[in-house]
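Enquirer: In the UniProt record's numbering, the protein residues as written are 1 to 627.
Glycine residues also receive a C-beta, built at the ideal position from the N, C-alpha and C atoms.
On a predicted model such as this, the values are computed, not experimentally measured, just so you know.
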Ligand SMILES: Cc1cc2nc3c(=O)[nH]c(=O)nc-3n(C[C@H](O)[C@H](O)[C@H](O)COP(=O)(O)OP(=O)(O)OC[C@H]3O[C@@H](n4cnc5c(N)ncnc54)[C@H](O)[C@@H]3O)c2cc1C
């Protein structure tokens, strides 16, 4: 699909939603009027004028002012709902920014959720090495900082600059695929979804070994922050990189690989597989891929305590395990996936427990239809769709009865995006226990089949409007950390906005310098087999558990900051480089030791003028954060 077609399809999607919205408002108003609900509602405010006749006949209520208010209430509520989706959900269009910047207009880049915004002096989209090198040399001559942005899917300001901002969407070609060596070489700006599609279309079909839950990111961006998926036999994406190309601040094109005979290039490679965007511009990547696979998946709901106490066995029994629990509900949803040889026909699968046999996948009409049955439906339905509608509905009721309160509520809500943020923080535990917990039973069960396995690993309906921190814990610290975390949640009950999902995933250890999954005694080479599994480590406990705390709406700082200080740091956690944390140089240096210093030495050598620095990186590399 071309960019213009994509843009049109996004626009028509929103036109359709606007149409639905108008119909919904009209239908609601008619329903309210016909059932006298509006009059009762307004009656509560003391303005109602219900007229009863002696024969029992009742005049239809007539409340022009209040009814007008209600209409405005609905309209405003819907507008807020629509705007929040329109402006939060639509992806950046770097091409449009680059064209506007070329016309001399001031442009503003923003992260995927519009949380971080910055106006660079120039926004450029080079399409080849000559253009890129020219830009870097000019920036160096005029002492400008340069940052590359991918899809802007980081929860930190890691990609911001008020200097020159680059985007590498035009560096998006698949350069070569070697099916027998199972490697692919691509330009590093390619989006993960496009790379997966190209690999799937290859003959024989191939696939990335693993990805995170999203595939909108650029490959270079995903590698920059150590993007990982889940599965005890699967490492982070950076671990699959075998060679790469980096263009430095001086415009030099460097190529390096793990086994490079030149130690300087070997070090450059080690630093650049997880580069934090601070070394130069990553332009090319060669990485290992695997044979294509299909995925069968099931979702189930279990008591949280059962899941936490049996996590190693649960994780070992499947290829990919994703656990979601919502604080104070006492329940956890498991999304378990198995990889099978590629097939278009949904197989019969016995999951080995008596409650359900995966014999009927419901729909076999392709990935999208199957995806609709996935566990992500639970969250997207409960939070993104049903809750969003309830939210606008309740806000419109408030608008109709107490306009000032309604407006206040709406403001909070349009920023929030979560029903529990309709109430003060105090009510979050009550709401989660009384409403969310029972609702989970409606959505948590199901099985699905993905002929194209990559679609089974990502979650299309992943909710976007939240803030997230993610901490990685060695397996041996997990129990203590989770006990501390649950105690923390209990002790802060009603005081922090722990209103959204806590996500647990598992990842194989590695030996990359800046990988949060680094183990000093980790494997010395990449020994994944063709199925994507690492045979050398699969029997050991060399894997990490990641715990991501998501928060919708409320000021996320107090919750995430306190959990960091009281739970994750004392239990030896390391933070995700692309998600919220409050650590600075001294803490990071203690967590990573010598590899961190080695990375900083390579960085200084490649970027002596600090062209690729910004204030976030400066804090990580030079300064202590203010707590
Ligand atoms: C909704 C959501 C879901 C997510 N799910 C997961 C998940 O499942 N697992 C996980 O581990 N992470 C996850 N993340 C985090 C995400 O994968 C990372 O933050 C990733 O870095 C984002 O890639 P991007 O293309 O958006 O890069 P950006 O956020 O735009 O940039 C990230 C960094 O990469 C640098 N960069 C980008 N391109 C280049 C280049 N060509 N050369 C040099 N530097 C470059 C930037 O300067 C910046 O430092 C998720 C994030 C969101 C918002």
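Taking buried to mean at least 16 other C-beta atoms within 10 Å of its own C-beta, is residue 298 buried or exposed?
Expert: buried
Enquirer: Rounded to a whole number of angstroms, what is the C-alpha to C-alpha distance between residue 428 and residue 301?
Expert: 21 Å
Enquirer: The beta strand (DSSP E) that contains residue 298, what's its start and end?
Expert: From DSSP, the beta strand (DSSP E) with residue 298 extends over 294-303.
Enquirer: Using 7 Å as the cut-off, classify the Cβ of residue 155 as near or not near the heavy atoms of ligand 1, replying yes or no.
Expert: yes
Enquirer: Does residue 123 come out as helix, strand or coil in the three-state DSSP assignment?
Expert: strand
Enquirer: Entirely within the segment 475-506 and at least 4 residues each: give me those alpha helix (DSSP H) ranges in chain order.
Expert: Within the segment 475-506, the runs of alpha helix (DSSP H) that reach at least 4 residues and sit entirely inside it are, in chain order, 475-491.
Enquirer: Measuring CB to CB, does residue 140 end up less than 8 Å from residue 189?
Expert: no
Enquirer: Looking at residue 583 and residue 468, is the spacing between their C-beta atoms short of 8 Å?
Expert: no
Enquirer: Counting only runs that start and end within the segment 112-166, where is the alpha helix (DSSP H) found for 4 or more residues in a row?
Expert: Every alpha helix (DSSP H) stretch that sits fully inside the segment 112-166 and reaches 4 residues is listed by chain position as 129-141.
Enquirer: For residue 496 versus residue 548, is the C-beta spacing smaller than 8 Å?
Expert: no
Enquirer: Would you be able to state if there are at least three C-beta pairs under 8 Å between the segment 232-249 and the segment 271-288?
Expert: yes
Enquirer: My output table needs one value for residue 554: the three-state DSSP class, helix, strand or coil.
Expert: coil
Enquirer: For residue 93 versus residue 121, is the C-beta distance shorter than 8 Å?
Expert: no
Enquirer: Taking all protein chains shown into account, decide if residue 570 is buried (16 or more other Cβ within 10 angstroms of its Cβ) or exposed.
Expert: exposed
Enquirer: Residue 221 lies in the alpha helix (DSSP H); which residues open and close that run?
Expert: 219-224
Enquirer: How is residue 573 classed by DSSP in three states: helix, strand or coil?
Expert: Here DSSP, grouped into helix, strand and coil, assigns residue 573 to coil.
Enquirer: Do residue 573 and residue 509 count as a contact pair if the criterion is CB distance below 8 Å?
Expert: no
Enquirer: Measuring only from the beta carbon, is residue 348 closer than 7 Å to any heavy atom that is part of ligand 1?
Expert: no
Enquirer: Measure the C-alpha to C-alpha separation of residue 604 and residue 426 and round it to an integer number of angstroms.
Expert: 48 Å
Enquirer: With residue 207 and residue 293 assumed to form a contact (beta carbons below 8 Å), what rounded beta-carbon distance in angstroms separates them?
Expert: 6 Å
Enquirer: Is the closest heavy atom of ligand 1 to the C-beta of residue 218 under 7 Å?
Expert: yes
Enquirer: Measuring alpha carbon to alpha carbon, tell me which residue in 597, 237 and 448 is nearest residue 192.
Expert: 237
Enquirer: What does the Cβ neighbour count give for residue 434, buried or exposed, with the cut at 16 atoms within 10 Å?
Expert: exposed
Enquirer: Out of 475, 327 and 546, point me to the one whose CA is closest to residue 486's CA.
Expert: Selected option, being the one with the closest Cα: 327.
Enquirer: Any idea what DSSP makes of residue 180, helix, strand or coil?
Expert: coil
Enquirer: Residue 45 to residue 501, Cα distance in whole Å?
Expert: With a pLDDT of 37 at residue 45, under the threshold of 50, the predicted position of this residue should be treated as unreliable, though the coordinate-derived value follows. Their Cα atoms are separated by approximately 37 Å.
Enquirer: Contact between the segment 147-164 and the segment 260-278: three or more CB pairs below 8 Å?
Expert: yes
Enquirer: Looking at residue 272 and residue 256, is the spacing between their C-beta atoms short of 8 Å?
Expert: yes
Enquirer: Determine the burial state of residue 199: buried for a count of at least 16 other Cβ atoms within 10 Å of its Cβ, exposed for fewer.
Expert: buried
Enquirer: Cβ atoms of residue 311 and residue 545: under 8 Å apart, would you say?
Expert: Yes, Cβ-Cβ distance for residue 545 and residue 311 is below 8 Å.
Enquirer: For residue 96 and residue 307, I'd like the C-alpha separation in whole angstroms.
Expert: 47 Å
Enquirer: Pull up the DSSP beta-bridge partners for residue 544, would you.
Expert: Beta-bridge annotation (DSSP): residue 544 is paired with 474 and 507.
Enquirer: Do you know offhand how far residue 157's Cα is from residue 173's?
Expert: 28 Å
Enquirer: Residues in its own chain within less than 8 Å of residue 621 by CB, not counting five upstream and five downstream?
Expert: 278, 585, 600, 603 and 613
Enquirer: Check whether the Cβ of residue 504 lies closer than 7 Å to any heavy atom of ligand 1, and answer yes or no.
Expert: No, the Cβ of residue 504 stays beyond 7 Å of every heavy atom of ligand 1.
Enquirer: Looking at C-alpha atoms only, which residue of 474, 343 and 351 is the closest neighbour of residue 453?
Expert: 343
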